[in-house]
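Going by my numbering, the first residue of the sequence shown is number 1, and it counts up by one from there.
We treat Cβ as the ideally placed atom computed from N, Cα and C, and that holds for glycine.
These numbers come from a predicted model, not from an experiment.
Down below is the structure, laid out as structure tokens.
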Amino acid sequence: MIRTNSSTSPMETQKLLDGIARGERALNEGRTFTIEQAKDRLRKWLGNSTETAAFPSTRTIKLQ
């Protein structure tokens, strides 16, 4: 079982577990992308002129 911060609500914990389960299903069903495929899809989604993508988690990914 996953341990979470004591301030994490049961609903947040369940959302995390659901997300992990979705990822495991995608992996088992072959619904995955290579790094290059993911970068290409991200470029298309953001527009070709965008070179850096910022995500809400404050992580920044440099597209090469």
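Query raised in the report: For Glu29, which of helix, strand or coil comes out of DSSP?
Result: coil
Report task. Report yes if the C-beta distance between Thr32 and Ala26 is below 9 Å; otherwise report no. Result -> yes
Query raised in the report: Rounded to a whole number of angstroms, what is the C-alpha to C-alpha distance between Thr8 and Ile20?
Result: 17 Å
Query raised in the report: Using DSSP with H/G/I as helix, E/B as strand and the rest coil, what is Thr8?
Result: coil
Query raised in the report: Can you give the Cα-Cα distance for Lys44 and Glu36, rounded to whole angstroms?
Result: 12 Å
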